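Asks: Structure incoming, see below.
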Amino acid sequence: MALAGVVVTAFTLRLAVSGVSPVLGRITDELHLIPGEAGVLAMMPSLGFALTGVLTTLAMRRLGLEALLVTSCGLAAVGTVARALSPDDVTFVVLTFIAMCGLGMGNVVLPPVIKKYFPHQIAALSAIYSMLLGFSTATAPLFAIPLADAAGWRVSVGSWGLFSVAALLPWLVLWLGARRSTPPAPPEQTPDLTTMPVAVVAPASTAPVKPWRSRVGWGVALMFTGTSANTFAMFLWLPRFLQDMGFTEHTAGLMLSYYAILAVPVSFAVPFLVRRFGNTVVLGLCTVVLYATGYLAVLLWPHAQVGDFPLVWVWITVFALAQASFPLSITLINARTRTTAGAGALSGFGQGLGYFAGSFGPLMFGLLFGATGSWWPSFGYLWAMLGVLSVGILMTGRHRYMEDRAAR
């Protein structure tokens, strides 16, 4: 049941995020979104993820992981369906925030849930989780335009809430089962994701874990900052950028889906690479190079061709593979902690602070383009965020445990 919950929930966590940008023009025309509201709308995923990152950590010990996931799926379902029925622009933005808060709770809770229920399969479950996030991100833009053409943008936007309803069911069963009986707590001491022998792992400390006192905690937060600023800016603005370059609406939506689907193979590979090598500096910095190179190429040569083949697909491939920085950030939550409590604290702190700082990525991307009429300053901001990502990679790259540093 927990496996079913992890799989279905992971698949829902990006549908309502990436399913809006392909039909944003139609939403703007009907609800009369002004440019400032479009910018605020762009911030909603990261802001919702940030707020729930903090609040979910505080509620985790009192309510339990299963109860939080029931709440998460319920909020996401209600917010996603309700915003599709919005009568005006303000209501749409507010309900989008509610939906994003629900999805944000799932972001925070799933890593410690994996550590709790699957302590001996962390790498495999982290790979499945990250891979399904990629599928989720790619599925929505692939079907958004056809659904909107067939039934309108409201059906296209609201349909993703049905998946959140499906994700709610296994967690509801587990939560109700936990209320009837209190099973033995799972072992807190779990095998490390690296080849480090289990025997060297010390017993879990009962002292509260404070990730803000740890190099690992701040490093993970910086990684989420740089990663979310780049990926959410692309989710929202890549179709608009490509249309501005002369590509059609359908082609731009297809390219966004292609960008998202390439996160699937790298998401599957990254947790196993972390387990194999332990030190993640080289892997992390490779993603930075791919981001920077792909952005530069698509700006300089958007219409370059080899024969009849448009090279823009190659440029998108390059910076799409850089999305490995996200599963790397997720995997390090479990790889750099000893216990379920530590994973929960690091997940809430790293994602809460990281998503909040990263929420300005899509906003600044749009504002800079609006102010200058050029895409170069917008991509320049993303290059600056790659510097933030690089610092986080260097801080978390060496094999260490957050609890050890936080306790000193």
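Just so you know, we're using this note's numbering here: the sequence shown kicks off at 8 and counts up by one. Every residue gets a Cβ at the ideal spot worked out from N, C-alpha and C, and that includes glycine. Values in this document were obtained by computation on a predicted structure and should not be read as measured data.
#1: In whole angstroms, give me the CA-to-CA distance for Leu10 and Asn114.
#2: When the Cα atoms are used, what is the spatial distance from Cys80 to Leu183?
#3: Kindly indicate which three-state DSSP category Val27 falls into: helix, strand or coil?
#4: Please report how far the alpha carbon of Leu175 lies from the alpha carbon of Val120, in whole angstroms.
#5: For Val446, count the other beta carbons within 10 Å of its own beta carbon; 16 or more makes it buried, fewer makes it exposed. Which is it?
#6: Buried or exposed for Leu263, please, with buried defined as at least 16 other CB atoms from any protein chain shown within 10 angstroms of its CB.
#7: DSSP on Phe125, reduced to helix/strand/coil?
#8: Could you compute how far the alpha carbon of Met342 sits from the alpha carbon of Pro334?
#9: Which same chain residues end up closer than 6 angstroms to Ser163 when comparing Cβ atoms and leaving out the 5 residues on each side of it in sequence?
#10: Checking the sheet assignment: what are the DSSP bridge partners for Phe316?
#11: From Ala23 to Met230, what distance separates their C-alpha atoms?
#12: Are the beta-carbon atoms belonging to Pro309 and Met252 less than 8 angstroms from one another?
#13: Could you have a look at Leu306 and say whether DSSP puts it in helix, strand or coil?
#14: On the CB-based measure, 16 or more other CB atoms within 10 Å of its CB, does Phe326 come out buried or exposed?
#15: Considering only the alpha carbon of each residue, which of Gly357, Phe248, Phe284 lies closest to Leu306?
#16: With respect to the alpha helix (DSSP H) encompassing Trp225, which residues constitute its N-terminal and C-terminal limits?
#17: For Leu374, name the three-state secondary structure that DSSP assigns.
#18: In the structure shown, what three-state DSSP assignment does Pro177 receive?
#19: For Thr425, which option in Leu169, Phe104, Pro369, Ala299 has the closest C-alpha, if you only look at C-alpha atoms?
#20: Roughly how many angstroms lie between the CA atoms of Ser3 and Thr234, to the nearest whole one?
#21: Evaluate contact between the segment 131-148 and the segment 270-285, counting only Cβ atoms and requiring at least three cross-stretch pairs below 8 angstroms.
#22: Do three or more CB pairs link the segment 387-394 to the segment 53-70 at distances below 8 angstroms?
#23: Which same chain residues end up closer than 7 angstroms to Val13 when comparing Cβ atoms and leaving out the 5 residues on each side of it in sequence?
#24: Please report the distance separating the alpha-carbon of Val223 from that of Thr403.
#25: Do you know how far the Cα of Gly165 is from the Cα of Ala378?
#26: Using CA atoms only, rank isn't needed, just tell me which of Ser25, Phe367, Leu292 is closest to Ser143.
#27: Give me the Cα-Cα distance between Ala311 and Ser354, rounded to the nearest whole angstrom.
#28: Write down every uninterrupted run of the alpha helix (DSSP H) in the segment 40-82 whose length is 4 residues or greater and which is fully enclosed by it, in chain order.
#29: Can you tell me whether Trp322 is buried or exposed, with buried defined as 16 or more other CB within 10 angstroms of its CB?
#30: Just verifying my parser: in three-state terms, what is the DSSP assignment at Met3?
#31: Does the distance from the C-beta atom of Glu410 to that of Thr347 stay below 8 angstroms?
#32: Just confirm the distance between the C-beta atoms of Phe1 and Gly60, as a whole number of angstroms; I'd bet it's less than 8 angstroms.
#33: Mapping the DSSP letters down to three states, classify Arg343 as helix, strand or coil.
#34: Start and end of the alpha helix (DSSP H) containing Tyr388?
Replies: For this structure:
#1: In a straight line, the C-alpha of Leu10 is about 16 angstroms away from that of Asn114.
#2: If I take the Cα positions, the gap works out to 15 angstroms.
#3: Three-state DSSP puts Val27 in coil, outside helix and strand.
#4: Computed Cα separation, rounded: 15 angstroms.
#5: Summary: the structure shown does not reach residue 446, with the chain confined to residues 8 through 415, and so no result is reported for it.
#6: Burial call: buried.
#7: If DSSP states are grouped into helix, strand and coil, Phe125 belongs with coil.
#8: A small fix is needed here, since residue 342 is Ala in this sequence, not Met. If you draw a straight line from the Cα of Ala342 to the Cα of Pro334, it comes to about 12 angstroms.
#9: Here Ser163 has Val30, Ala151, Leu154, Ala155 as same chain residues with Cβ atoms under 6 angstroms from its own Cβ, once five neighbours each way along the sequence are excluded.
#10: According to DSSP, Phe316 bridges with Val313.
#11: If you draw a straight line from the Cα of Ala23 to the Cα of Met230, it comes to about 23 angstroms.
#12: Contact flag set, yes.
#13: In the structure shown, Leu306 sits in a helix (DSSP, three-state: H, G or I).
#14: By the 10 Å Cβ count, Phe326 comes out buried.
#15: The shortest C-alpha separation from Leu306 is found at Phe248.
#16: Taken as a continuous stretch (DSSP letters only), the alpha helix (DSSP H) holding Trp225 covers 222-251.
#17: DSSP places Leu374 in helix when its eight states are reduced to three.
#18: In this structure, Pro177 counts as helix in the three-state DSSP scheme.
#19: Here the chain comprises residues numbered 8 to 415, so residue 425 is not present and cannot be evaluated.
#20: A query on residue 3 cannot be resolved here, the shown segment of the chain reaching from 8 to 415 and no further.
#21: Here the segment 131-148 lies against the segment 270-285, with 3 or more beta-carbon pairs under 8 angstroms apart.
#22: The segment 387-394 makes no contact with the segment 53-70, as fewer than three CB pairs between them are under 8 angstroms.
#23: Result list for Val13: Leu117, Val120, Ile121, Leu132, Tyr136, in chain order.
#24: Per the coordinates, the alpha-carbon of Val223 lies some 5 angstroms from the alpha-carbon of Thr403.
#25: Spanning the two alpha carbons is a distance of roughly 33 angstroms.
#26: Taking only the C-alpha atoms, the option nearest Ser143 is Ser25.
#27: Looking at the two C-alpha atoms, the distance is approximately 42 angstroms.
#28: The segment 40-82 contains, as complete alpha helix (DSSP H) runs of 4+ residues, the segments 42-70 (chain order).
#29: Classification for Trp322: buried.
#30: What the structure shows of the chain is the stretch from 8 to 415, and residue 3 is not part of that stretch, so it cannot be assessed.
#31: Against a cut-off of 8 angstroms, the Cβ pair of Thr347 and Glu410 comes out as no contact.
#32: Any question about residue 1 goes unanswered here, given that the chain covers just 8 to 415.
#33: Arg343: coil per DSSP, three-state reduction.
#34: Tyr388 -> alpha helix (DSSP H) spans 383-403.
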